[in-house]
Structures are given as C-alpha cells and as structure tokens.
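Residue numbers (my numbering), protein chains in the order written: chain U, 10 to 377; chain A, 10 to 377.
Virtual Cβ for every residue (Gly too), placed ideally from N, Cα, C.
See structure below.
There are 2 protein chains.
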Amino acid sequence: MVTVTPWEVKGNIDYEKLIKEFGLQEFKEFPKECNTLPLFRRGIIFAHRDFGRISEAIENKKKFVVMTGLMPSGKFHFGHKMVAEQLVLYQSLGAKIYLTVADLEAYNSRIPDMKALQQTAIEEYLTNYLALGLDLKKCDFYFQSKRSKDGKKSNAYYSLANMFARHITFNEFKAIYGEITPGKMTSALLQAADMLHPQLPEFEGKAQPVLVPVGADQDPHLRLGRDASQRIKEYNFVQLSSTYHKFLPGLGGGKMSSSDPTSYIALSDSPEDAAHKIKKYAFSGGQATLEEHRKKGGNPDVDVSFQILRYGLEPDDKKLQKISDEYKSGKLLTGELKAITIEKITYFLKEHQKRREKAKKQVDKFLF
Amino acid sequence: MVTVTPWEVKGNIDYEKLIKEFGLQEFKEFPKECNTLPLFRRGIIFAHRDFGRISEAIENKKKFVVMTGLMPSGKFHFGHKMVAEQLVLYQSLGAKIYLTVADLEAYNSRIPDMKALQQTAIEEYLTNYLALGLDLKKCDFYFQSKRSKDGKKSNAYYSLANMFARHITFNEFKAIYGEITPGKMTSALLQAADMLHPQLPEFEGKAQPVLVPVGADQDPHLRLGRDASQRIKEYNFVQLSSTYHKFLPGLGGGKMSSSDPTSYIALSDSPEDAAHKIKKYAFSGGQATLEEHRKKGGNPDVDVSFQILRYGLEPDDKKLQKISDEYKSGKLLTGELKAITIEKITYFLKEHQKRREKAKKQVDKFLF
C-alpha cells in the first residue's frame with residue numbers, strides 16, 4: 010500500500026499518479042536561473058502549483074517570498090538538504106525567506122517536549138542551513154511557538170490561524186488529511202498561517218507571491234492553505250505557489266527518514282560513519298554476481314549510491330551521465346560506484362563540517 | 010427540551026439537576042465579604058467548583074486572579090451586568106482582573122467581522138463595565154486577537170492554546186460540547202488558554218488561583234480547561250475555580266438574550282424605552298383578573314419584574330421581602346409591582362448613563 014501524507018510516507022511512490030491524484034501541474038519550463046540547481050534540471054523537483062507567478066517575479070526582478078518549515082525531529086540528513094539548497098537559490102534571486110521551526114506541530118504530532126524540540130531545531134537544523142549557505146540576514150527565522158518579539162506581529166499571525174478555523178469544515182479536514190486529531194487540526198491551521206501570513210500588513214506589507222517548496226507529502230497543507238486563503242474575505246491573499254520534489258531514497262529504499270538511522274546519512278555524520286553506511290546499507294542496482302553484472306549491467310534508477318550523486322552530490326551532468334552509462338553497461342561495478350559516492354560524501358562532509366563550526370557561532374543567539 | 014451549552018440556552022432550567030449533571034458543588038458558605046453582593050446572598054450564584062481556594066485567598070489576603078470573557082454580540086443588558094458586579098466585588102477584594110473580548114470566538118461561532126466585533130466590545134461592553142465600577146488600572150483587558158503589545162506574552166498565550174490540542178481527543182470534545190466544528194474547537198482551546206495563561210511566568214508569575222465567574226451555560230469551557238490544565242505537564246497549573254450564576258430571565262421568559270430585543274433591557278436603553286418594555290413584555294406572575302389576584306395572590310418566582318429587583322436592582326433584602334410578601338398576598342398588583350421596577354430602573358439608568366459618558370473618555374484609547 011502506498012501512503013503519502015504529511016505524517017507518513019510509505020510504499021513505492023508513482024509520481025505520475027501523484028500528480029493526477031493531487032491535481033499538481035507538471036513542470037514544462039522554469040526560469041534559466043533555476044537551472045543552476047541539479048534538483049531542477051534533473052526533474053527531481055517534478056511538479057508545482059502556480060509556479061508561473063514566481064517565474065514572473067524572478068524574470069522581472071519583483072519581490073517574492075519563499076516560505077518553508079522544518080520539523081525538528083532527529084538528525085538533519087541529505088533529504089533535508091534539498092530544501093536548504095532551494096532556499097539558498099531563491100535567496101540569491103532576491104527572495105525574502107520565511108523559515109519556521111514547526112515546534113508546535115511537532116509537539117502536537119510527535120514529542121511533547123518543547124525545550125528538546127527547540128534545541129534540536131537550532132543545533133541540528135539551523136546550523137546546517139547556515140552551513141549550506143543560507144543568509145540569516147535575509148531570512149525571517151522563527152519558531153511557531155515564538156513568532157516575534159513584536160506583539161503586533163505575533164497577534165496577527167496567531168489570529169490568522171484561528172480565523173482559518175471558521176472557513177474549513179471537519180469533512181474537508183478529513184478529505185484532505187484522512188485521519189485527523191485535534192492536535193493535527195490545529196497544526197494544519199497554524200501551517201496555513203505560516204504560509205499566508207507573509208502577505209499580512211504586519212509582515213511584508215503588500216501582497217507578494219509566496220512560494221512553498223516542499224516534498225510531495227506536504228501537499229495536503231498546501232491544499233488547505235489555498236482553500237482557506239480564498240475564503241477569508243478580510244484579506245486579498247494572492248494564491249500560494251508551491252513546488253514538489255521527489256523523496257531522496259533511504260539507503261535501504263523507501264524515503265530517507267530521520268526515524269531510521271540505517272536509512273539516512275546525517276550532515277553531522279563523520280565521513281567514516283557515512284562510508285560505513287553506504288557500504289553496508291545502500292541498496293545496490295547491481296547484479297548478484299560479478300559475471301552477471303558484467304553481462305547485464307546495473308540499474309542506476311534503483312541504486313541508492315547513484316541516486317545520492319544524482320540528487321546533487323555530483324553536480325556535473327556529464328560526469329553523472331558517464332557514471333550512469335558505465336554502470337548500465339556493466340563496466341562500473343557496485344563497489345566502484347559506492348567508492349565514487351563515498352569519495353564525494355567524504356569531501357562534502359569534511360568541508361561542510363568546517364562550515365558548521367562557523368555557523369555554530371551564528372546560532373548562539375537563538376539558544377536559551 | 011432543555012439545552013444548556015455555551016452556544017445555546019433554551020427551555021426551563023432545573024438548577025438542581027444541572028448541579029448533578031455537570032458535577033458542580035453547591036454553595037455551603039462563602040467569605041463574608043461576598044455577602045455584600047445580592048447575587049451571592051440571594052443564591053443567584055448557586056454553585057461552584059473549587060471555590061475554597063478563592064475563599065482562602067480572600068480570607069488570608071493572598072493574591073488571586075479573576076478571569077472572564079465577553080462575547081461582543083448585540084447590546085450589554087441586565088444579564089451581562091451580573092458578571093460586571095462580581096468583577097467589581099473581587100477587584101475591591103484585591104483580585105487582579107483578566108477580561109478578554111472573545112472576538113476570535115465570536116468570529117468563529119457568530120459574525121466573521123472583526124472590526125465590527127471589536128467596536129461593539131469597546132463602545133458597548135467595556136464602556137458599561139467601567140460605568141459599573143470596574144477599575145481599568147487593576148485589570149488586564151485584552152482582545153483574543155490582540156493579546157499584548159509584548160511579543161513574549163502573546164507567544165506564550167497562543168502557544169498554550171495550541172499545545173492544549175495535544176491533550177484533548179475528538180471524543181472528549183464531543184462529550185463536553187455535543188456538536189462541534191473546527192471553529193468551535195479552536196475557540197474552546199483559546200478559552201482554555203484565556204483561563205489558564207494568567208498562571209504562566211510571562212503573566213502573574215507564580216501560580217495563583219484563578220476564579221472564573223460564569224453563567225451556568227459556560228461550564229463546558231471550565232471542564233475542558235480543568236482537564237487540559239492537569240494533563241499538560243510542562244506547567245504546574247493550580248486547578249481552576251469557578252462560580253455559576255443563574256440566568257436572569259428574559260422579559261418574556263427564557264434567558265435574557267441580546268439576540269432578542271424584546272427579551273432584554275440594555276444598559277443603553279432610555280428610561281422611557283425600558284419602562285415601555287417592562288409594561289409591554291415583562292412576564293407577570295399575577296392572576297388573570299383583579300379579583301382573582303386579590304384572592305390568590307401573585308407568584309414572584311416567575312414574575313420577571315420581581316426577578317429584576319431580586320437580581321440586584323433592589324439591594325435591600327427587607328424591602329425585597331416586603332414586595333414579595335405583598336405580591337403573594339394579593340395586596341400588590343402586577344401594575345404596581347411593574348411601577349416599582351420601572352422606578353428603580355429609571356433611576357439606575359439615569360445615573361448609569363451619566364457614568365457611561367465619563368467612561369467613554371477612558372475607552373478612547375482602545376478605539377482604532
């Protein structure tokens with residue numbers, strides 16, 4: 010069975026089917042500036058809603074907002090890295106970033122320990138975002154539980170979440186989310202406020218397009234936010250835009266998930282640990298025997314080491330193509346492919362962990 | 010059929026039955042200071058939960074908080090006056106008052122027009138509270154939608170409402186409220202925060218007992234707040250205390266309600282209009298004919314003019330007893346009883362409306 014909800018992803022996901030089921034739009038074109046990101050040009054960002062409004066803003070150098078949230082549970086891994094890369098890209102294109110720690114959602118749907126959640130958010134998530142290039146100065150970073158030091162801003166944000174409750178029925182909640190609890194419901198309303206409050210006069214002022222780049226499992230939140238925004242007549246909300254990226258496979262298949270340490274490589278893993286995980290857990294698309302592999306070749310589409318390269322660790326398209334070709338032909342063996350990935354990861358982690366040390370100094374002010 | 014919920018009251022209410030159904034405690038004793046209020050000594054405040062904690066605070070001159078909310082719909086009438094009188098009493102006994110305008114609840118359960126709701130709250134409700142003697146300086150008056158200018162306070166208040174969602178199931182919501190909508194659910198969570206946030210470190214600091222004086226229909230909110238407070242382990246909430254007053258009868262019977270102008274006398278009604286309403290609409294406990302009335306006497310228990318006197322307009326117990334006795338004996342006629350009530354109301358409204366003019370100057374700062 011395939012399940013794709015904000016709180017659970019399992020099974021083999023057919024993205025074509027997801028596009029139809031969710032009513033997403035396929036990407037036909039995007040601004041050339043987005044091409045710099047492997048995620049875009051390799052079709053990993055595979056669908057959108059109303060991205061035209063964002064393309065138009067990028068092309069005409071108009072203001073826009075990019076909003077996303079992070080769920081502070083477990084380790085920041087290569088799956089999370091995809092969102093950070095998109096934020097850094099949009100920031101370079103002039104976007105104002107809104108980045109929220111979904112601590113109230115995590116409290117309501119996962120671990121009811123706010124202090125621990127907030128510490129993880131800072132030490133694990135924010136530190137990695139900064140090390141990946143996010144500029145805090147062009148970013149409104151906040152906790153759902155502590156929107157602002159400015160009461161007017163906080164009041165506007167939380168009131169919006171409360172007011173949305175009038176405009177959505179229980180049956181709609183059930184249709185969008187399936188099973189629902191009071192905690193998930195209030196979380197969903199708060200998420201709608203996260204996505205839409207940048208347009209309030211207390212924040213960016215005039216209505217600006219807001220892009221929400223998410224994994225495909227987060228679309229229910231978008232559907233709720235889009236519906237709610239058009240029903241609340243007090244505000245002339247510009248309809249939300251969103252993009253959807255495919256899930257980075259976990260080492261053993263499925264989705265890379267922070268709840269299973271054998272599925273992920275964390276950005277704080279030592280190069281040695283990462284190498285060990287690749288060798289031991291990364292699912293191979295190769296054949297059972299050397300002889301068979303030389304004859305039939307490997308399948309890069311299901312090979313997790315290859316996918317890690319494809320999701321961005323090998324930014325050079327030509328080099329990636331060559332690896333793919335050689336793997337398919339049987340020239341490149343699984344062990345050799347893993348060695349390439351390990352080399353790339355080792356280099357990345359070493360450099361990244363230096364940048365992490367610098368970033369740690371920047372996040373001190375958020376620790377309490 | 011009898012319905013008593015926060016959103017609907019109808020039918021003839023048996024308060025003895027309500028005490029058993031809701032699990033309230035009957036009043037056996039209260040501090041002598043409370044005796045000054047006719048509502049207390051005449052048994053109109055008929056039940057409580059954990060009032061002992063408040064008695065103890067009053068008797069030992071310890072700090073306590075009295076919290077209540079107002080629903081800014083329609084006119085402020087004699088039914089609403091009961092709450093104001095209690096606030097003024099407790100303020101005189103040293104309590105800090107928390108008074109909220111339930112504008113988000115009204116938006117979600119009644120009229121989705123925040124500006125209009127807020128204007129009514131100030132011009133109609135707050136003005137009358139002040140004219141009835143509430144001291145704004147010893148009162149934290151706020152809108153649910155605008156908790157504070159201080160972001161820390163707002164964040165703590167709204168986060169508390171959100172966190173409560175984890176601790177209440179849908180089935181509990183249904184058991185407490187009967188029919189429930191997303192709007193009513195978020196309103197209920199926000200009300201729980203209204204009642205409990207005075208105990209947070211961002212507000213009164215150390216845990217202080219909080220008394221919530223309400224009409225009997227509001228008990229579901231208390232049950233939710235009491236349950237939620239004991240489940241949220243982050244805070245050592247002192248259990249809520251509450252008192253329950255009977256409903257002032259509407260002129261034609263039932264509950265005095267701002268949704269039916271022939272049921273209420275507003276504190277902004279002219280003395281002439283009030284007199285007209287009493288004459289025309291006030292249900293009489295008298296007999297059908299003069300002869301019969303002289304013989305059998307009237308029934309003050311169902312006579313609305315008498316009840317208006319009993320609910321406080323005639324503060325002198327002896328005078329009230331005399332009126333009751335003479336009405337029962339048939340000596341006092343319905344027209345004569347109405348004349349007494351009209352005289353009292355006329356005097357009260359004239360004096361009150363002078364105080365209203367003064368109060369209007371104080372509320373200017375809340376108008377926007």
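If the criterion is Cβ atoms closer than 7 Å, does the pair residue i and residue j meet it?
i: Gly-306 (chain U); j: Lys-337 (chain U); result: yes
i: Tyr-290 (chain A); j: Gly-261 (chain A); result: yes
i: Pro-40 (chain A); j: Glu-68 (chain A); result: yes
i: Gly-192 (chain A); j: Ala-284 (chain U); result: no
i: Leu-145 (chain U); j: Val-110 (chain U); result: no
i: Leu-107 (chain A); j: Asp-159 (chain A); result: Here residue 107 (chain A) is Tyr; the residue named in the question, Leu, does not match the sequence. Contact: no.
i: Pro-81 (chain A); j: Gly-321 (chain A); result: no
i: Leu-358 (chain A); j: Pro-280 (chain A); result: yes
i: Lys-347 (chain A); j: Ile-287 (chain A); result: yes
i: His-254 (chain A); j: Ile-28 (chain A); result: no
i: Phe-73 (chain U); j: Ile-63 (chain U); result: yes
i: Pro-222 (chain A); j: Gln-95 (chain A); result: yes
i: Asp-59 (chain U); j: Ser-250 (chain U); result: yes
i: Leu-299 (chain A); j: Thr-350 (chain A); result: no
i: Ala-225 (chain A); j: Ala-202 (chain A); result: no
i: Gly-234 (chain U); j: Met-204 (chain U); result: yes
I want to see whether chain A comes within less than 7 Å of residue i, judged by CB atoms only; does it?
i: Ala-434 (chain U); result: Given a span of 10 to 377 for chain U in the structure shown, any question on residue 434 (chain U) remains unanswerable.
i: Gly-192 (chain U); result: yes
i: Lys-26 (chain U); result: no
i: Ile-177 (chain U); result: yes
i: Asp-159 (chain U); result: yes
i: Tyr-244 (chain U); result: no
i: Ser-82 (chain U); result: no
i: Asn-180 (chain U); result: no
i: Thr-195 (chain U); result: yes
i: Leu-113 (chain U); result: yes
i: Ser-267 (chain U); result: no
i: Pro-258 (chain U); result: no
i: Pro-210 (chain U); result: no
i: Asn-164 (chain U); result: yes
i: Tyr-186 (chain U); result: no
i: Pro-229 (chain U); result: no
i: Asn-117 (chain U); result: yes
i: Phe-207 (chain U); result: Note that residue 207 (chain U) corresponds to Pro in the displayed sequence, not to Phe. No, Pro-207 (chain U) lies away from the interface with chain A (no Cβ there is under 7 Å from its Cβ).
i: Pro-6 (chain U); result: Only positions 10 to 377 of chain U appear in the structure, and residue 6 (chain U) is not among them; the question remains open.
Does chain U have any CB closer than 7 Å to the CB of residue i?
i: Gly-339 (chain A); result: no
i: Ser-277 (chain A); result: no
i: Lys-155 (chain A); result: yes
i: Tyr-151 (chain A); result: no
i: Tyr-167 (chain A); result: yes
i: Ser-238 (chain A); result: no
i: Asn-171 (chain A); result: yes
i: Pro-379 (chain A); result: Examination of residue 379 (chain A) is not possible in this model, given that chain A is present from 10 through 377 alone.
Does residue i pass the burial test, meaning 16 or more other C-beta atoms within 10 Å, or should it be called exposed?
i: Leu-198 (chain A); result: buried
i: Asn-117 (chain A); result: buried
i: Asn-245 (chain A); result: exposed
i: Thr-129 (chain A); result: buried
i: Ser-101 (chain U); result: exposed
i: Arg-240 (chain U); result: exposed
i: Lys-105 (chain U); result: buried
i: Lys-26 (chain U); result: exposed
i: Asp-278 (chain U); result: buried
i: Glu-243 (chain A); result: exposed
i: Asn-21 (chain A); result: exposed
Taking residue i and residue j to be in contact with their CB atoms under 8 Å, please state how far apart those CB atoms are, rounded to whole angstroms.
i: Ile-131 (chain A); j: Val-372 (chain A); result: 5 Å
i: Leu-276 (chain A); j: His-361 (chain A); result: 6 Å
i: Ile-332 (chain U); j: Leu-341 (chain U); result: 7 Å
i: Met-76 (chain A); j: Val-219 (chain A); result: 5 Å
i: Pro-258 (chain U); j: Gln-316 (chain U); result: 5 Å
i: Leu-113 (chain A); j: Gln-153 (chain A); result: 4 Å
i: Ser-163 (chain A); j: Ser-163 (chain U); result: 4 Å
Going along chain D, which residues have a C-beta under 8 Å from residue i?
i: Lys-41 (chain U); result: Looking at the structure shown, chain D is missing, and the protein chains on hand are U and A.
| query | Quick one: any contact between the stretch 70–88 of chain U and the stretch 267–284 of chain U, if contact means 3 or more CB pairs under 8 Å? | reply | yes
| field | Sufficient close CB pairs (3 or more, under 8 Å) joining the stretch 205–224 of chain U to the stretch 180–190 of chain U | value | no
| query | Between the stretch 358–367 of chain A and the stretch 132–143 of chain A, are three or more C-beta pairs nearer than 8 Å? | reply | yes
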